[in-house]
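Enquirer: Let me begin by handing over the structure; questions about it come next.
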Amino acid sequence: MSIRFGTLALLLLILTFSGCNGATTTPSTKPTITSFTASPSNLPAGGGSVTLSWNVKAATSLSINNSIGDVTGTSKTVNIASSTTFTLTATNTSGTSQQSTTVTVALGTDMRPPTVISIDPPPGAKGVKDDVSIVITFSEAMNQDATSAAYSSADLPASEVTFGWNTDSTVLSIKPKDYLEYAAGDKPSIDPKFYNFSFTDGGKDLAGNALDPFNSFFTTLKVIVISIYATPELDGDCYGTTGCDTTRASLDVGDLATAPIDSGYRSFLSFDLTSIPTGVIADEAKLIINKEGTNFNPDPYALGDMLLEHVDFGDSLKGDDYDTPILADLGIFDSASEPETGYLGKDVTPALNDDLANAPARAHRSQYRLRFPIENNDNNASDLVTFTSSDGPEGQRPFINIVYYLP
Numbered sequence: 026m027s028i029r030f031g032t033l034a035l036l037l038l039i040l041t042f043s044g045c046n047g048a049t050t051t052p053s054t055k056p057t058i059t060s061f062t063a064s065p066s067n068l069p070a071g072g073g074s075v076t077l078s079w080n081v082k083a084a085t086s087l088s089i090n091n092s093i094g095d096v097t098g099t100s101k102t103v104n105i106a107s108s109t110t111f112t113l114t115a116t117n118t119s120g121t122s123q124q125s126t127t128v129t130v131a132l133g134t135d136m137r138p139p140t141v142i143s144i145d146p147p148p149g150a151k152g153v154k155d156d157v158s159i160v161i162t163f164s165e166a167m168n169q170d171a172t173s174a175a176y177s178s179a180d181l182p183a184s185e186v187t188f189g190w191n192t193d194s195t196v197l198s199i200k201p202k203d204y205l206e207y208a209a210g211d212k213p214s215i216d217p218k219f220y221n222f223s224f225t226d227g228g229k230d231l232a233g234n235a236l237d238p239f240n241s242f243f244t245t246l247k248v249i250v251i252s253i254y255a256t257p258e259l260d261g262d263c264y265g266t267t268g269c270d271t272t273r274a275s276l277d278v279g280d281l282a283t284a285p286i287d288s289g290y291r292s293f294l295s296f297d298l299t300s301i302p303t304g305v306i307a308d309e310a311k312l313i314i315n316k317e318g319t320n321f322n323p324d325p326y327a328l329g330d331m332l333l334e335h336v337d338f339g340d341s342l343k344g345d346d347y348d349t350p351i352l353a354d355l356g357i358f359d360s361a362s363e364p365e366t367g368y369l370g371k372d373v374t375p376a377l378n379d380d381l382a383n384a385p386a387r388a389h390r391s392q393y394r395l396r397f398p399i400e401n402n403d404n405n406a407s408d409l410v411t412f413t414s415s416d417g418p419e420g421q422r423p424f425i426n427i428v429y430y431l432p
């Protein structure tokens, strides 16, 4: 009996092990990781809590790096202080599979809000040009979309500007789509054009910290357009060096039939610049004179093309000024190709700016001379061109039209 029992027990033991081996299966492939994510994937400066979640098939064990170790289930919550890449490892008897996910922590070690370092044009700036761009520099990288959306302006709406950022997201440029406006008038005292803009607390840094609301403003240039008429007591014509007349309603340039050889008429104009503020540089200046016509001889241009010269004859017009030295030759003012009558104009911007730059020495005046290159052709005939003087009819007097800008 004992032998039979022992044999039977051995047989049962063999059958038991054989049955177990038959029930054990080996996976044919390594684990499959269908997803591995982190929520949130971005954290503010200083870090915080993040939940790692996964979906894995056919794994016998799971582990995560960065000292987390073995994990079970489908998620794990951890705390981090800086940007971290997590790698999930799934294992079975056929091998391992891995997948990674990264959580970004904003730069910085505190939660202080961003600030504005500089604004250009500076707050309260005057005389800003019409092609300016507003440039704002922040203390740290900003959320571009949120900060651009925080901009507000009734004078320069967001729909009328474009926003641009540098690569570090620390400098915002706001470029108007069209030129800005200038206030325009004939007096320096006109009010300038104001441009106000502001940012709400909707502006944020990458960590989500709100920008303190702020506002700023600047004014653009003022464009001043004036007409300065000639000074009656200083405009006139001189007949050679024998004398000058500042009282007639007309100005003559040319010669007379009775004139001695080498003498003739030259006309002079003077303009008072005291109404123009110190330091101004004219953008444009044009001398306008009404040409009444030609007198006596139908061909006064036998004396050549009439010249305009920039001169400085001072506070009175006298015979010696007939030959006063020129400051600048401004070229041809009148010739046979010009209309017989009507207004003639000449750009005198360089001459006027020279007078403005030397205003005290020239008593704040701008003065000019009209002459022919041939004084008298001795043909026993008058060769004259006549212009209206400042003693002539109102509306026909000589003037300079001046355009300049002020802050």
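So the sequence shown is residues 26 to 432, counted in our numbering. By construction, the Cβ of each residue, glycine as well, lies at the ideal position given by its N, Cα and C atoms.
#1: Taking the straight line between their C-alpha atoms, what separation do you get for G440 and T162?
#2: Taking the alpha helix (DSSP H) that D380 falls in, what are its first and last residues?
#3: Please classify T59 as buried or exposed, where buried requires at least 16 neighbouring CB atoms within 10 angstroms.
#4: Within the chosen definition, does the segment 238 to 248 reach the segment 207 to 222 through at least 3 CB pairs nearer than 8 Å?
#5: Just to confirm my understanding: we take S360, look at its own chain, exclude 5 residues before and 5 after, and list those with CB closer than 8 Å. What are they?
#6: How would you label D277, buried or exposed, when you count the other beta carbons within 10 angstroms and need 16 or more for buried?
#7: Does DSSP put D262 in a helix, a strand or coil?
#8: Looking at I253: is its Cβ nearer than 8 Å to the Cβ of D211?
#9: Could you tell me the alpha carbon to alpha carbon distance between P65 and D170, rounded to whole angstroms?
#10: Is the segment 296 to 310 in contact with the segment 379 to 398, if contact means three or more CB pairs nearer than 8 Å?
#11: Could you check the C-alpha separation between I105 and L77 for me, to the nearest Å?
#12: Roughly how many whole angstroms lie between the Cα atoms of F424 and E165?
#13: What is the rounded straight-line gap between the Cα of T99 and the Cα of S198?
#14: Considering only DSSP beta bridges, list what G120 is partnered with.
#15: Can you list the beta strand (DSSP E) stretches of 3 or more residues lying completely in the segment 315 to 367, in chain order?
#16: May I ask which residues mark the beginning and end of the alpha helix (DSSP H) holding Q421?
#17: Tell me whether the segment 141 to 149 and the segment 116 to 128 touch, counting them as touching only if at least three CB pairs, one residue from each stretch, are closer than 8 Å.
#18: Please name the residue, chosen from I314, A274, L259, T266, that lies closest to D297 on a Cα-to-Cα basis.
#19: Please identify the residue among N315, A232, A274 whose C-alpha is closest to the C-alpha of S108.
#20: Provide the residue span of the alpha helix (DSSP H) that contains T172, from first to last.
Expert: Reading it off the structure:
#1: There is no way to answer for residue 440, as the model of the chain reaches only from 26 to 432.
#2: Here residue 380 refers to the residue found at position 355 of the sequence shown. Annotation: the continuous alpha helix (DSSP H) that includes D380 extends over 374 to 382.
#3: Locating residue 59 in the sequence shown gives position 34, where the first residue counts as 1. Burial call: exposed.
#4: The segment 238 to 248, when compared against the segment 207 to 222, does touch it at the 8 Å Cβ threshold.
#5: Here residue 360 corresponds to residue number 335 of the sequence shown, with the count starting at 1. Closer than 8 Å at the Cβ level, and outside the excluded window around S360, lie Y326, D330, M331.
#6: For this step, residue 277 is matched to residue 252 along the sequence shown. The residue is buried, with at least 16 neighbouring Cβ atoms inside 10 Å.
#7: As a first step, residue 262 is located in the sequence shown; it is residue number 237 there, counting from the start. Of the three classes helix, strand and coil, the one that applies to D262 here is strand, per DSSP.
#8: Counting from 1 along the sequence shown, the entry for residue 253 is found at position 228. Counting from 1 along the sequence shown, the entry for residue 211 is found at position 186. No, Cβ-Cβ distance for I253 and D211 is not below 8 Å.
#9: Reading the sequence shown from its first residue, position 40 is the one you call residue 65. Reading the sequence shown from its first residue, position 145 is the one you call residue 170. One C-alpha to the other measures close to 20 Å.
#10: With a cut-off of 8 Å on Cβ pairs, the segment 296 to 310 is in contact with the segment 379 to 398, counting three or more such pairs.
#11: Translated into positions along the sequence shown, residue 105 becomes position 80. Translated into positions along the sequence shown, residue 77 becomes position 52. Each residue's CA atom was taken as its position, placing I105 and L77 some 12 Å apart.
#12: Within the sequence shown, the letter at position 399 stands for residue 424. Within the sequence shown, the letter at position 140 stands for residue 165. Using only the alpha carbons, I get a separation of about 57 Å.
#13: As a working mapping, residue 99 is identified with position 74 in the sequence shown. As a working mapping, residue 198 is identified with position 173 in the sequence shown. Within the model, the alpha-carbon separation for T99 versus S198 is close to 47 Å.
#14: On the sequence shown, residue 120 is found 95 positions in, with the first residue counted as 1. The partner list for G120 (beta bridge, DSSP) reads N117.
#15: Listed in chain order, they are 331 to 336, 351 to 359.
#16: As a working mapping, residue 421 is identified with position 396 in the sequence shown. Where Q421 is concerned, there is no enclosing alpha helix (DSSP H), given that its DSSP letter is neither H nor E.
#17: At 8 Å Cβ cutoff, the stretches do not touch.
#18: Translated into positions along the sequence shown, residue 297 becomes position 272. Checking every option, the nearest Cα to that of D297 belongs to L259.
#19: Here residue 108 is taken as the residue at index 83 of the sequence shown, counted from 1. Looking from the CA of S108, the closest CA among N315, A232, A274 belongs to A232.
#20: To locate residue 172, count along the sequence shown from 1; it is residue 147. Taken as a continuous stretch (DSSP letters only), the alpha helix (DSSP H) holding T172 covers 169 to 174.
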